[in-house]
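*Asks:* If you scroll down you'll find the structure; I have some questions about it.
Protein chains in written order, with this note's numbering: chain A, 624 to 840; chain B, 7 to 121.
Shown next, in the form of structure tokens:
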């Protein structure tokens with residue numbers, strides 16, 4: 624790569640030319656934003672440092688793939704449908720970027736991931752984890768939700784959890800637990816089809832240094 | 007009969023000129039998802055005396071063309087530069103295979119002027 628390429632990459636906010644090794648599919652939400660912006664007659668200043676689709680300031684939208692692993696089921700036995708470490712490598716975030724939105728998306732194979740018997744609910748908890756993959760002791764969950772049915776795609780807003788816009792360092796580790804709650808007694812398999820879990824990704828919107836300077840002015 | 011129309015010669019006056027940037031020409035197609043290229047354009051042409059109104063010029067540029075017409079060696083013509091630009095968004099893979107949608111200001115020349 625010649626000096627011109629390095630200068631151009633730097634002007635695009637990249638320290639080096641990316642060389643993706645196993646690029647995955649482009650999330651539909653990014654295609655939607657991209658195409659909407661292309662059709663905009665004259666994208667004015669307001670769009671430049673704002674992501675209208677999420678109503679937040681920002682000029683960089685990233686989707687991080689989950690690099691975590693399934694964890695051994697803990698207590699109580701039999702009621703836990705899923706326990707997984709979610710691990711996101713955030714080293715791509717540059718110095719000076721300010722986080723304006725964080726959304727976790729859980730995706731399931733089936734259109735609905737439901738408990739085996741009526742009257743039961745599925746409880747979802749998300750904890751901040753140590754890099755080793757264990758919930759930090761005594762910490763209350765970042766997110767706690769109950770569902771009668773889980774849809775194919777479940778967005779969870781983490782913005783409040785990642786406070787004051789500071790990007791959570793070079794990585795983010797969370798433990799996801801889905802368990803069967805409600806009055807269920809001890810049915811045979813409380814979780815219904817537990818192979819419904821498909822994947823997780825983390826969408827971050829940040830305000831890059833240039834936009835931050837422009838907003839400051 | 008009207009005289010034969012003069013051959014279409016590109017106007018020498020300052021205006022946007024076509025420039026297509028193709029990312030595949032610079033070997034970036036493996037990490038840039040979209041667009042694979044875009045019309046960036048550039049400004050080219052003269053800013054002669056008297057400066058026409060549509061050349062989107064400043065009072066200073068009008069004065070400078072006047073001085074240039076009196077003293078071509080001493081004072082240059084004003085420059086033909088972008089006066090209005092638009093942003094584009096680029097969708098790409100970063101080094102960790104994450105998908106990034108990034109918005110870049112001032113990437114397309116919409117309008118030129120004499121400054």
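Even glycine gets a Cβ: it sits at the ideal position worked out from N, Cα and C.
#1: Answer with yes or no whether the minimum CB distance from residue 111 of chain B to chain A is below 8 Å.
#2: Under DSSP, the beta strand (DSSP E) around residue 92 of chain B begins and ends at which residues?
#3: For a contact meaning CB atoms closer than 8 Å, what does residue 101 of chain B contact in chain A?
#4: When you compare each of A:802, A:804, A:784, A:803 to residue 795 of chain A by their alpha carbons, which one comes out closest?
#5: Between which two residues does the beta strand (DSSP E) carrying residue 770 of chain A extend?
#6: Between which two residues does the beta strand (DSSP E) harbouring residue 81 of chain B extend?
#7: To the nearest angstrom, report how far apart residue 744 of chain A and residue 804 of chain A are at their CA atoms.
#8: So is residue 83 of chain B buried or exposed if we call it buried at 16+ other beta carbons inside 10 Å?
#9: Taking a cut of 7 Å between CB atoms, which residues from the stretch 707-732 of chain A lie near chain B?
#10: Taking residue 846 of chain A as part of the alpha helix (DSSP H), name the residues at either end of that continuous run.
#11: Could you say which of B:61, B:76, B:52 lies nearest to residue 18 of chain B if we only look at CA atoms?
#12: Which residue wins for smallest C-alpha separation from residue 672 of chain A, given the options A:722, A:712, A:716, A:708?
#13: Use the C-beta contact count for residue 633 of chain A: other C-beta atoms within 10 angstroms, 16 or more gives buried, fewer gives exposed.
#14: To be precise: take each residue of the stretch 41-57 of chain B, compare its Cβ to all Cβ atoms of chain A, and keep it if any distance is under 9 Å. Which residues remain?
#15: Starting from the C-beta of residue 656 of chain A, find all residues in its chain whose C-beta is less than 8 Å away, skip the five residues before and the five after it, and write them out in chain order.
#16: Measure the beta-carbon distance from residue 115 of chain B to residue 49 of chain B and round it to whole angstroms, keeping in mind my assumption that it falls under 8 Å.
#17: Would you check if the distance between the CB atom of residue 731 of chain A and the CB atom of residue 821 of chain A is smaller than 8 Å?
#18: What whole-angstrom Cβ distance do residue 746 of chain A and residue 769 of chain A have, given they're in contact under 8 Å?
*Replies:* The answer reads as follows:
#1: yes
#2: Segment 86-99, the beta strand (DSSP E) holding residue 92 of chain B.
#3: 639, 641, 642, 643, 715
#4: A:784
#5: 766-770
#6: That residue, residue 81 of chain B, is in no beta strand (DSSP E); it is neither H nor E in DSSP.
#7: The alpha-carbon atoms of residue 744 of chain A and residue 804 of chain A are separated by roughly 5 Å.
#8: Residue 83 of chain B should be labelled buried.
#9: 712, 714, 715
#10: As shown, chain A starts at 624 and ends at 840. That puts residue 846 of chain A outside it, with no answer to give.
#11: B:52
#12: A:722
#13: Looking at its Cβ environment, which holds fewer than 16 other Cβ atoms inside 10 Å, residue 633 of chain A is exposed.
#14: 41
#15: 674, 676, 684
#16: Between residue 49 of chain B and residue 115 of chain B the Cβ distance is about 6 Å, and since that is below 8 Å, they are a contact.
#17: yes
#18: 5 Å
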